[in-house]
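In what follows, a structure is listed as structure tokens, so that the remarks can point back to it.
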Amino acid sequence: MSDETAIKARMNQWTVGLAAGLPDGGFVRFASEMARTMDDGDNMRLIPMVTRGTTSNIADLLYLRGVDVAITYADAFDFYAKQAGLANINDRIRYVLRFFISDVHIYAREEFKTLQDLKGQKIAVGTAGVAAAHTGPLIFRRLGIDIQPVAVGGPVALEKLHKGEIAAMVYVASKPGEVFSGMKTADPGFHFVPIPYTKQFADFYYPTAIKAETYPALLAPDTSIETIAVPSVLAVYNWKPGSDRADRVNRFVDTLFSNLGRLQQPPFHPGWKDLNLEAQVPGWQRYPYVETVLERMKKDADIGLPPAATGGLSQQQRSDAFLESQAKASSKAERDELYRSFLEWSRKQRK
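Sequence positions in the sequence shown follow this note's numbering and run 53 to 403.
Right under this line is the structure:
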């Protein structure tokens, strides 16, 4: 094997491609932060990719060379399972983490009190690739309400709404949504339309509420509007166990979980602190190796070592954590067991 051939093999062995989203979308930041913290030379390299949007990231994960990981929304499965006819998508794609929950906002002229009132109306659903462009029409379709979707979003949609060119706008974002949080005064003649949580939404969504404390200029104190929320998902392709691609995904999982502690510190996005590692995603199955990692993390915690969720520690920090736990041990046998566990844990982290 020539030197260049060896370099090529080494550089590609543990390189993972991540389909992130649109260049101005929030998930590109999270992908970039993962890449920064997870970089371990030839042992792990994460390459974030700017894509056509979170919904199309599913197609990238299925068909685009070099993509093993993607960020998407849970209800993207609806399109691929029902409209694209991929009945086995649950077996081919699994989730690693439930990422961040995004609320569905439907903001309308005040004469439209309910979703049914919007039948036949022009509704802004965002530009191609954004969450609202998929979730908005899907909500109305599930309720049997025909609308005229308009492909504009954000501030442009809000301007059209105020001019009377559209009846309502759909906006999907983690709270507080930037479009509405920037409104510092009341907006007479406009309001949030409730989305009752019904059986039509039980597969991918959660019930939630838009509260006055989130948008004090738009809602009266101590009031709220019921709506639904859609989780975003860190997804991986479910490669055959033992294959090179499966090993690569497994290493990605190990490296991510061992660096979550770093991601939860400044200057990284504060949303990392809200992750619940054991949270489930409606309509999805978890990538099996993640359960193995979570069990290992629990064992680490049981012996007093820092859990993988607070990983990314230096060897000195790991050693300090061990010494602290050893000082609490009540017997030599317990200290010896802690020491053996520490050595084994450290060995695994270096793999």
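Using N, Cα and C, we set each Cβ at its ideal position, and we do this for glycine too.
All of these numbers come straight from a predicted model, not from anything done at the bench.
Since residue i and residue j are thought to touch, with beta carbons under 8 Å apart, how far apart are those beta carbons, to the nearest angstrom?
i: residue 222; j: residue 177; result: 5 Å
i: residue 203; j: residue 179; result: 6 Å
i: residue 285; j: residue 333; result: 6 Å
i: residue 181; j: residue 108; result: 7 Å
Determine, using beta carbons only, whether residue i and residue j come nearer to each other than 7 Å.
i: residue 224; j: residue 187; result: yes
i: residue 264; j: residue 275; result: yes
i: residue 185; j: residue 125; result: no
i: residue 87; j: residue 100; result: yes
i: residue 342; j: residue 301; result: no
i: residue 311; j: residue 146; result: no
i: residue 72; j: residue 123; result: yes
i: residue 105; j: residue 162; result: no
i: residue 335; j: residue 255; result: yes
i: residue 174; j: residue 218; result: yes
i: residue 281; j: residue 153; result: yes
i: residue 324; j: residue 316; result: yes
i: residue 303; j: residue 66; result: yes
i: residue 269; j: residue 235; result: yes
To the nearest angstrom, how far is the alpha carbon of residue i from that of residue j?
i: residue 360; j: residue 345; result: The pLDDT assigned to residue 360 is 43, lower than 50, so where the model puts this residue is not dependable, and the model offers no usable value.
i: residue 296; j: residue 190; result: 37 Å
i: residue 97; j: residue 307; result: 10 Å
i: residue 120; j: residue 133; result: 19 Å
i: residue 314; j: residue 321; result: 11 Å
i: residue 155; j: residue 340; result: 28 Å
i: residue 56; j: residue 250; result: 59 Å
i: residue 252; j: residue 198; result: 16 Å
i: residue 239; j: residue 266; result: 15 Å
i: residue 70; j: residue 294; result: 21 Å
i: residue 247; j: residue 278; result: 6 Å
i: residue 201; j: residue 351; result: 51 Å
i: residue 211; j: residue 150; result: 33 Å
i: residue 193; j: residue 89; result: 41 Å
i: residue 214; j: residue 232; result: 14 Å
i: residue 114; j: residue 77; result: 21 Å
i: residue 169; j: residue 259; result: 21 Å
i: residue 243; j: residue 164; result: 9 Å
i: residue 62; j: residue 292; result: 22 Å
i: residue 137; j: residue 68; result: 28 Å
i: residue 15; j: residue 319; result: Within the shown structure, residues of the chain are numbered from 53 to 403, placing residue 15 beyond reach of any answer.
i: residue 79; j: residue 139; result: 27 Å
i: residue 171; j: residue 216; result: 16 Å
i: residue 481; j: residue 309; result: For residue 481 there is no data in the structure shown, the boundaries of the chain being 53 and 403.
Mind checking residue i: buried by the 16 CB within 10 Å criterion, or exposed?
i: residue 220; result: buried
i: residue 60; result: exposed
i: residue 237; result: exposed
i: residue 112; result: buried
i: residue 257; result: buried
i: residue 64; result: exposed
i: residue 157; result: buried
i: residue 205; result: buried
i: residue 102; result: exposed
i: residue 166; result: exposed
i: residue 143; result: exposed
i: residue 377; result: The pLDDT assigned to residue 377 is 45, lower than 50, so where the model puts this residue is not dependable, and the model offers no usable value.
i: residue 207; result: exposed
i: residue 58; result: exposed
i: residue 371; result: Confidence at residue 371 is low in this model, with a pLDDT of 42, below 50, so the placement of that residue is unreliable and no value is reported for it.
i: residue 283; result: buried
i: residue 298; result: buried
If we cut at 7 Å on Cβ distances, does residue i have a partner in chain C?
i: residue 343; result: Looking for chain C here will not work: only one protein chain is present.
Query raised in the report: Using 8 Å as the Cβ pair cut-off and three pairs as the minimum, do the segment 83-100 and the segment 327-344 touch?
Result: no
Query raised in the report: Does the segment 109-129 come close enough to the segment 225-244 to have 3 or more Cβ pairs within less than 8 Å?
Result: no
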